[in-house]
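Structure, as structure tokens:
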Amino acid sequence: MKLLRYALGDETYAGILTGDEIMRLGIEDIADMMGAELAFVETGIIDSLADARVLAPLQPGKILAIGRNYAEHARELDNDVPAEPLVFAVMPSAVIGDGAVIEWEADMSAQVDWEGELAVVIGETARKASPEAALDLVFGYTIANDVSARDLQTRDKQWTRAKGLDTFCPLGPVVVTADEIPDPQQLRIVTTVDGVEKQNGSTADMIFDVRFLIAHLSRAFTLYPGDMILTGTPAGVGKAQKPPQFLTDGSVVSVEIEGIGTLTNSCRVL
Ligand code: MG
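Its first residue numbered 6, the sequence shown is counted upward by one per residue in my numbering.
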């Protein structure tokens with residue numbers, strides 16, 4: 006199933022997307038789907054995707070992210086390939102949905118960059134999960150853009166502001182349930198900026214795969230339903246272009262992942 010949250014006028018709903026139709030569910034949040042029987046939440050109402058404003062598919066509890074999880078990306082920014090996952094956190098308040106605007110103040114950053122990533126949505130409480138059982142804890146997958154202010158990232162030494170500014174975590178447009186993606190390590194990720202391809206990678210090239218990441222993270226933090234893991238970005242970010250290229254006012258950035266869809270956001274400099 007492809008699950009999404011959407012607004013019609015002032016009302017928000019969760020639904021199942023099929024083609025350009027949405028089967029409205031009698032719940033407000035996709036997190037409420039976890040452990041629920043679908044038959045109990047069907048409303049029988051069909052909405053048109055064209056009439057809907059798509060929202061972020063869920064409001065994550067915590068967002069754990071992995072830096073430099075593709076060797077070619079680590080090397081393109083002159084970083085060492087990490088020996089263990091480089092873990093950081095993204096502010097849940099940074100989340101926006103497909104079609105919403107990424108915005109920042111001109112005097113805050115002049116180096117706003119894109120990072121297309123596979124995002125894992127946790128479906129069950131997990132502590133010290135084994136890699137073998139890890140995929141059973143996954144509710145589904147979505148697309149993230151780990152938008153990164155490179156100048157703040159360098160200046161602050163750590164990444165809380167650089168990757169956590171309001172609007173810097175676009176997610177969506179849908180969560181695809183895990184049953185439709187039996188192997189998350191076989192997905193193509195393509196990022197375009199203003200229609201020009203910048204990143205074209207495969208999740209097969211992750212240094213630490215989804216199973217390993219869930220096991221590793223759940224040793225440090227209890228994972229709860231609705232928590233999310235951003236699994237890192239392939240090569241082709243703006244800072245590594247020759248010359249470097251960054252998002253600017255009016256830029257349109259799209260991240261497409263095979264089997265999930267395309268997440269598109271425009272940019273506004275305030
Ligand atoms: Mg990233």
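For glycine and all other residues, C-beta sits at the position ideal for the given N, C-alpha and C.
Only exposed fits LEU275, as fewer than 16 other CB atoms lie within 10 angstroms of its CB.
Between VAL181 and the set THR267, ASP56 and ILE101, the nearest pair of CA atoms involves THR267.
Boundaries of the alpha helix (DSSP H) around ALA76: 76–81. Distance check between GLN246 and each of TYR146, PRO87, SER53 and VAL201 places VAL201 closest, using alpha-carbon atoms only. As the crow flies, the alpha-carbon of GLY177 is around 21 Å from that of ALA167. The region 89–100 makes contact with the region 68–75: 3 or more CB pairs, one atom from each, lie closer than 8 Å. For the set THR208, VAL117 and PRO62, the Cα lying nearest the Cα of ALA240 is the one of THR208. Around the ligand MG, the residues selected by a Cβ distance under 5 Å to any of its heavy atoms are GLU120, ASP151 and THR238, following chain order. In the DSSP annotation of this structure, the continuous segment of the beta strand (DSSP E) that includes ALA19 starts and ends at 16–23. Counting along the chain, ILE50 sits inside the beta strand (DSSP E) bounded by residues 47–53. Taking 8 Å as the upper bound for CB-CB distance, SER114 and ALA220 are not in contact here, some 34 Å apart.
A distance of 8 Å or more separates the beta carbons of ILE186 and TYR229.
Residue burial is scored here from C-beta neighbours: ALA55 has fewer than 16 other C-beta atoms within 10 angstroms and is therefore classed as exposed.
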